[in-house]
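Since the structure comes first, as structure tokens, the remarks are kept for the end.
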Amino acid sequence: VQLQASGGGLVQPGGSLRLSCEASVSIFTMNYMGWYRQGPGKQRELVAVMSRGGSTNYADSVKGRFTIARDNAKNTVNLQMNNVKPSDMAVYYCYARIERPGLPSIYWGQGTQVTVSS
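Using the numbering used here, you'd call the opening residue of the sequence shown number 7 and step up by one each time.
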């Protein structure tokens with residue numbers, strides 16, 4: 007499984023940005039897909055994740071501002087980021103998890119930088 011992330015860039019505070027993560031296989035292969043981020047000097051943290059069944063989970067800090075959604079035809083999971091704050095500046099990583107007997111399989115895409123600046 008390969009994950010290709012795109013969509014990062016420079017955004018002003020209060021602005022919007024959309025990140026995309028394209029999987030090399032059907033996204034329904036994965037039990038979970040989503041996004042993590044790592045800010046300067048911080049640990050990697052969960053931003054948003056969607057299960058195969060469509061349930062979602064968001065970090066408290068992004069609830070009401072970010073939306074995760076999937077495009078089945080494109081094998082893509084998108085993260086719509088609205089009302090972006092300086093605290094959202096980080097490298098964003100696409101994530102996928104396949105549950106298997108024993109240990110799950112975890113996949114990461116390359117990071118995409120989100121810079122928040124006026």
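By construction, the Cβ of each residue, glycine as well, lies at the ideal position given by its N, Cα and C atoms.
{"query": "Contacts around R50, its chain only, beta-carbon distance under 8 Å, and the 5 residues preceding and following it disregarded", "result": "Y42, R43, Q44 and Y99"}
{"query": "Other residues of its chain near N88: CB distance less than 8 Å, five sequence neighbours each side excluded", "result": "S22, R71, F72 and T73"}
{"query": "For S26, three-class secondary structure by DSSP", "result": "strand"}
{"query": "CA nearest to the CA of L16, picked from R24, G47 and Q10", "result": "R24"}
{"query": "Uninterrupted beta strand (DSSP E) stretches inside the segment 26–107 (no shorter than 3 residues)", "result": "38–44, 51–57, 62–64, 72–77, 82–87 and 96–104"}
{"query": "Which listed residue (G20, G47, M39 and A11) has its alpha carbon closest to that of G60", "result": "M39"}
{"query": "Reference L85; option with closest CA among V7, E28 and S93", "result": "E28"}
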